[in-house]
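To start, the structure under review is shown below, and the notes come after it.
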Amino acid sequence: MNITLSINGARIEVDVPPRMTLCDALRQKLQLTGTHIGCEHGVCGACTIIVNGRAVRSCLMLAVQASGATITTVEGLAHGDDLSPLQAAFRRHHALQCGFCTPGMLTTLHALLTEEPYASEERIRDVITGNLCRCTGYIPIVEAALDAREAYQRSRESAPL
Amino acid sequence: MLMEADGEAKLLAGGQTLLPVMAFRLAAPAILIDLSGVQELKGISIDDTGVRIGAMTTWRDIEDDQRLRTAAPLVSAAIEHIAHYQIRNRGTIGGSLSHADPAAEMPGVVVACDACLEIVGSNGMRSVPANEFFLGPLTTCLSADEVLTAVRFPPWPATRLWAFEEFAQRRGDFAYAGIALFHETGATGLVENAHIGLIGATSVPRRLGVAEAALNGRRLDGETIAAAAQLASSEADAEDDIHASAAYRKALVGTLLERALKAAAERAEAL
Ligand SMILES: Cc1cc2nc3c(=O)[nH]c(=O)nc-3n(C[C@H](O)[C@H](O)[C@H](O)COP(=O)(O)OP(=O)(O)OC[C@H]3O[C@@H](n4cnc5c(N)ncnc54)[C@H](O)[C@@H]3O)c2cc1C
Ligand code: FES
Ligand code: FES
Numbered sequence: 001m002n003i004t005l006s007i008n009g010a011r012i013e014v015d016v017p018p019r020m021t022l023c024d025a026l027r028q029k030l031q032l033t034g035t036h037i038g039c040e041h042g043v044c045g046a047c048t049i050i051v052n053g054r055a056v057r058s059c060l061m062l063a064v065q066a067s068g069a070t071i072t073t074v075e076g077l078a079h080g081d082d083l084s085p086l087q088a089a090f091r092r093h094h095a096l097q098c099g100f101c102t103p104g105m106l107t108t109l110h111a112l113l114t115e116e117p118y119a120s121e122e123r124i125r126d127v128i129t130g131n132l133c134r135c136t137g138y139i140p141i142v143e144a145a146l147d148a149r150e151a152y153q154r155s156r157e158s159a160p161l
Numbered sequence: 001m002l003m004e005a006d007g008e009a010k011l012l013a014g015g016q017t018l019l020p021v022m023a024f025r026l027a028a029p030a031i032l033i034d035l036s037g038v039q040e041l042k043g044i045s046i047d048d049t050g051v052r053i054g055a056m057t058t059w060r061d062i063e064d065d066q067r068l069r070t071a072a073p074l075v076s077a078a079i080e081h082i083a084h085y086q087i088r089n090r091g092t093i094g095g096s097l098s099h100a101d102p103a104a105e106m107p108g109v110v111v112a113c114d115a116c117l118e119i120v121g122s123n124g125m126r127s128v129p130a131n132e133f134f135l136g137p138l139t140t141c142l143s144a145d146e147v148l149t150a151v152r153f154p155p156w157p158a159t160r161l162w163a164f165e166e167f168a169q170r171r172g173d174f175a176y177a178g179i180a181l182f183h184e185t186g187a188t189g190l191v192e193n194a195h196i197g198l199i200g201a202t203s204v205p206r207r208l209g210v211a212e213a214a215l216n217g218r219r220l221d222g223e224t225i226a227a228a229a230q231l232a233s234s235e236a237d238a239e240d241d242i243h244a245s246a247a248y249r250k251a252l253v254g255t256l257l258e259r260a261l262k263a264a265a266e267r268a269e270a271l
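If you're matching them up, the sequences are chains U and Y in order. Take the first sequence: its position 76, counted from the start at 1, is 76 in our numbering, and no numbers get skipped. Take the second sequence: its position 12, counted from the start at 1, is 12 in our numbering, and no numbers get skipped.
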């Protein structure tokens, strides 16, 4: 089935089998392998992407359901070679070790902080209960998110929703 | 389409249960019918006949609707315990009720609240009280050609006392057990109209009638609470499973009921 969607700012047309999951389509059809697949049944959060402004599990969506959608994957966060403020904060705070969970953490937190730039530490911790990390112990991830909040607050002020 | 497919088709709502089930090859429906384009199934309306929530309304939309905090407070309170941020962005109330997992929160809440489920099929429309909708674990009275279209909650008096308590291993996981309850206090200060919905620790979402009877007409003191908690424990029909023993779950039901009754009483003081 042919679908058209916008991914990281580019309009893309792609032919996918009807039962292919969105994460498989991103990785296999579009070579966007930044999106990781951990469990394929909704538990780990590694496959999180942003569909029409909301963080979702790409393993729990069929690619055909994304027809017409606007999607941001982890590849869409940086501006060229410049890390986004959230990515830069992850680097500063050592918020990744093996990096397997990182694409899902970044997309989840990017969606959250875009919607809620003043999210409290408790809110941030609550939201990332949906993302498993086996390396960091989560503390540096929470610190990085707290640190990045200011950049989201500033961009909210300059371009309110 | 459901009729023509002769049982070979499945409805796809948020996919947050069906896609994992398909990923495990526990189901392989020949035909999938995606409901996400059906606008009529989405949305929340509130008037003096109560609250109506369309089947395709997402957890997220329910979470964001501030009106529900007074119009259907148990629904709002349950949401933060249902799955995680990303899953709440797609999972729907209709999908959860149709799937009828006894460990899920919303089936217990609709039963506690005497909600009605609106269903459309080839024989037309019908409305089924929540306590007749759930027949067993993962089993409802929906037939193969029927679609759940909405859930309707009766009006919620402002003076009603309520509480939602559950215990899960990690926030957002399915609960080991949970309690959704409300009651009113009559002019004499005695409990009236107690409704206790049980989540998990049961094979089918249901109310704890024996414990409710032990509350109605009594003053809500330590003795009444302890007696109701004891009855709730023995009334829960929990079974052993990989997560916890039946005995543990039964004890947990009593503890949660005690906590819930105390939390509801604290709300009375705030009124
Ligand atoms: C990691 C994880 C954790 C979760 N934790 C929780 C939790 O703690 N508590 C909880 O309650 N849930 C939890 N869930 C489940 C989640 O809430 C789902 O959203 C919900 O159970 C199903 O809703 P859905 O819209 O995704 O339905 P789908 O998966 O699309 O459908 C589920 C079933 O219902 C049928 N169906 C759907 N809509 C209708 C309709 N309108 N009429 C008739 N049949 C219909 C489908 O055919 C299918 O059989 C969790 C899910 C995951 C992946
Ligand atoms: S791969 Fe999607 S949640 Fe684990
Ligand atoms: S950095 Fe290894 S899983 Fe999170």
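Each residue gets a CB set at the ideal place from its N, CA and C atoms; glycine is no exception. Note that the structure is a prediction, hence the values are computed from the model and not measured.
{"Check": "Do three or more CB pairs link the stretch 211-225 of chain Y to the stretch 107-116 of chain Y at distances below 8 Å?", "Outcome": "no"}
{"Check": "So, U/Ala-55 versus U/Lys-29, is the Cβ gap smaller than 9 Å?", "Outcome": "no"}
{"Check": "Should Y/Met-1 be labelled buried (16 or more other beta-carbon atoms within 10 Å of its own) or exposed?", "Outcome": "exposed"}
{"Check": "Can you tell me whether Y/Gly-186 is helix, strand or coil according to DSSP?", "Outcome": "coil"}
{"Check": "With a threshold of 9 Å between beta carbons, is Y/Tyr-85 in contact with chain U?", "Outcome": "yes"}
{"Check": "Counting only the same chain and skipping the five closest in sequence on each side, list residues whose C-beta sits under 6 Å from that of Y/Ile-87.", "Outcome": "Gln-16"}
{"Check": "Nearest to Y/Ala-177 by CA position, among Y/Ala-228, Y/Phe-153, Y/Gly-108, Y/Ile-225, is which residue?", "Outcome": "Y/Gly-108"}
{"Check": "Do Y/Ala-260 and Y/Lys-250 have their CB atoms nearer than 9 Å?", "Outcome": "no"}
{"Check": "Along the chain, which unbroken stretches of the alpha helix (DSSP H) at least 4 residues long are found entirely within the stretch 28-83 of chain Y?", "Outcome": "59-64, 68-71, 73-79"}
{"Check": "With hydrogens ignored, establish whether the beta-carbon of U/Thr-87 is closer than 8 Å to any heavy atom of ligand 3.", "Outcome": "Residue 87 of chain U is actually Gln in this sequence, not Thr. No - ligand 3 has no heavy atom lying nearer than 8 Å to the Cβ of U/Gln-87."}
{"Check": "Within the present structure, is the beta-carbon of U/Ile-50 separated from the nearest heavy atom of ligand 2 by less than 8 Å?", "Outcome": "no"}
{"Check": "Below 8 Å, is the gap between the Cβ of U/Cys-47 and the nearest heavy atom of ligand 3?", "Outcome": "no"}
{"Check": "Sorry if obvious, but does the Cβ on Y/Arg-219 come closer than 8 Å to a heavy atom of ligand 3?", "Outcome": "no"}
{"Check": "To which residues of the same chain is Y/Asp-145 closer than 7 Å at the C-beta, ignoring the five residues directly before and after it?", "Outcome": "Leu-2, Met-3, Gly-121, Ser-122"}
{"Check": "Is any beta-carbon of chain Y found at less than 9 Å from that of U/Asn-131?", "Outcome": "yes"}
{"Check": "Quick one: what's got a C-beta closer than 7 Å to U/Leu-60's C-beta in the same chain, skipping five residues either side?", "Outcome": "Gly-42"}
{"Check": "Can you pull the chain U residues whose beta carbon is under 9 Å from the beta carbon of Y/Asn-216, in chain order?", "Outcome": "In chain order: nothing, as chain U lies at least about 36 Å away."}
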